[in-house]
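Okay, so here's the structure we're looking at.
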Amino acid sequence: QKEVEQNSGPLSVPEGAIASLNCTYSDRGSQSFFWYRQYSGKSPELIMFIYSNGDKEDGRFTAQLNKASQYVSLLIRDSQPSDSATYLCASSSGGSYIPTFGRGTSLIVHP
Amino acid sequence: KAGVTQTPRYLIKTRGQQVTLSCSPISGHRSVSWYQQTPGQGLQFLFEYFSETQRNKGNFPGRFSGRQFSNSRSEMNVSTLELGDSALYLCASSGTSGSREQFFGPGTRLTVL
Chain W
56 QKEVEQNSGP
66 LSVPEGAIAS
76 LNCTYSDRGS
86 QSFFWYRQYS
96 GKSPELIMFI
106 YSNGDKEDGR
116 FTAQLNKASQ
126 YVSLLIRDSQ
136 PSDSATYLCA
146 SSSGGSYIPT
156 FGRGTSLIVH
166 P
Chain S
677 KAGVTQTPRY
687 LIKTRGQQVT
697 LSCSPISGHR
707 SVSWYQQTPG
717 QGLQFLFEYF
727 SETQRNKGNF
737 PGRFSGRQFS
747 NSRSEMNVST
757 LELGDSALYL
767 CASSGTSGSR
777 EQFFGPGTRL
787 TVL
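Sequence lines, in order, name chains W and S. Its first residue numbered 56, the first sequence is counted upward by one per residue in my numbering. Its first residue numbered 677, the second sequence is counted upward by one per residue in my numbering.
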């Protein structure tokens, strides 16, 4: 059974701080990893994907992948209240390419 | 490029009825996946269609079915609705290159009374 685990939170950070969201996965065959942001009542929006060990940066977002530890993280620098949402982590393997989703971490950025 | 579209956005049905949801993928995307999202279970994979063929299937009963047309548009059908089928139904499309990341539509909110 492929599993992606996330702390449900909520993770509360002050505006301007760095928010760190973490995710572990069970399938060692996983090759691609995704972070989605989902606002309440809306659909998930893809914000980052990563498939190589190390860091990948895009604006205020940095995704980090450690395949040896089966660990993925998302850092949000200079957090804003508009970043308050649920963040879903997902992984997929080269077989079906169907991602397995975690249950999501709720992030609250307070002014 | 237009995103994934889903219709209708909201539906209210009663137990025992059936419902059909529609999804149009991003232009050029041939893979369409369907998910059910509930507060209790999170995002659950229903099935994936590619070139009019069901390529992958999740663990849902046979009341849940789907199809894909030659223009890659997809429909999902749920027969004999149950109260527990109340959920947000999401469609996602993906291309055939790279990490094949999925892009979600706005979803259809189904309420079964």
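Positions of the beta carbon are idealized from the N, C-alpha and C atoms, including for glycine.
Assigned exposure category for residue i - 16 Cβ within 10 Å defines buried
| i | result |
| --- | --- |
| THR683 (chain S) | exposed |
| SER134 (chain W) | buried |
| HIS165 (chain W) | exposed |
| TYR711 (chain S) | buried |
| LEU162 (chain W) | buried |
| GLN693 (chain S) | exposed |
| THR155 (chain W) | buried |
| LEU789 (chain S) | exposed |
| ALA763 (chain S) | buried |
| ARG92 (chain W) | buried |
Minimum C-alpha distance to residue i - residue among the options
| i | options | result |
| --- | --- | --- |
| GLY149 (chain W) | W:ASP82, W:GLU70, W:ALA118 | W:ASP82 |
| ALA72 (chain W) | W:LEU130, W:TYR142, W:ALA145 | W:LEU130 |
| GLU751 (chain S) | S:ALA763, S:PHE723, S:LEU719 | S:PHE723 |
| ARG749 (chain S) | S:ILE702, S:GLN693, S:TYR686, S:LEU687 | S:ILE702 |
| PHE736 (chain S) | S:THR772, S:VAL754, S:ALA768, S:THR696 | S:VAL754 |
| VAL68 (chain W) | W:GLY159, W:ALA140, W:SER85 | W:ALA140 |
| PHE740 (chain S) | S:THR696, S:PHE726, S:ARG685 | S:THR696 |
| TYR686 (chain S) | S:TYR765, S:GLY771, S:ARG776, S:PRO715 | S:TYR765 |
N-terminal and C-terminal residue of the beta strand (DSSP E) that residue i is part of
| i | result |
| --- | --- |
| VAL68 (chain W) | 66 to 69 |
| GLU751 (chain S) | 750 to 754 |
| ASN77 (chain W) | 74 to 80 |
| SER85 (chain W) | 85 to 93 |
| THR787 (chain S) | 784 to 788 |
Interface residues of the stretch 765 to 788 of chain S facing chain W [CB-CB below 8 Å]: Within the stretch 765 to 788 of chain S, those residues whose Cβ lies closer than 8 Å to any Cβ of chain W are, in chain order, LEU766, SER770, SER775, ARG776, GLU777, GLN778, PHE779, PHE780, GLY781, PRO782, GLY783.
Interfacial residues, the stretch 702 to 724 of chain S to chain W, with Cβ spacing under 9 Å: Listed in sequence order: SER707, SER709, TYR711, GLN713, GLN717, GLY718, LEU719, GLN720, PHE721, GLU724.
Against chain S: residues of the stretch 113 to 141 of chain W by CB proximity under 8 Å: Here the close residues number zero.
Minimum length 3: unbroken beta strand (DSSP E) runs contained in the stretch 101 to 133 of chain W: Runs found: 109 to 113, 116 to 121, 126 to 131.
Interface residues of the stretch 141 to 162 of chain W facing chain S [CB-CB below 9 Å]: Under the 9 Å Cβ criterion, the stretch 141 to 162 of chain W contributes LEU143, ALA145, SER147, SER151, TYR152, ILE153, PRO154, THR155, PHE156, GLY157, ARG158, GLY159.
Contiguous beta strand (DSSP E) assignments of at least 3 residues, all confined to the stretch 128 to 166 of chain W: Fully enclosed beta strand (DSSP E) runs of 3 or longer: 140 to 148, 160 to 165.
Start-end ranges of the beta strand (DSSP E) lying completely within the stretch 695 to 780 of chain S, minimum 3 residues: The DSSP assignment places 695 to 700, 707 to 714, 718 to 726, 729 to 733, 740 to 744, 750 to 754, 763 to 770 as complete runs of the beta strand (DSSP E) inside the stretch 695 to 780 of chain S, in order along the chain (cut-off: 3 residues).
Residues of the stretch 92 to 111 of chain W with Cβ closer than 8 Å to any Cβ of chain S, in chain order: Answer in chain order: LYS97, SER98, PRO99, GLU100, LEU101, PHE104, TYR106.
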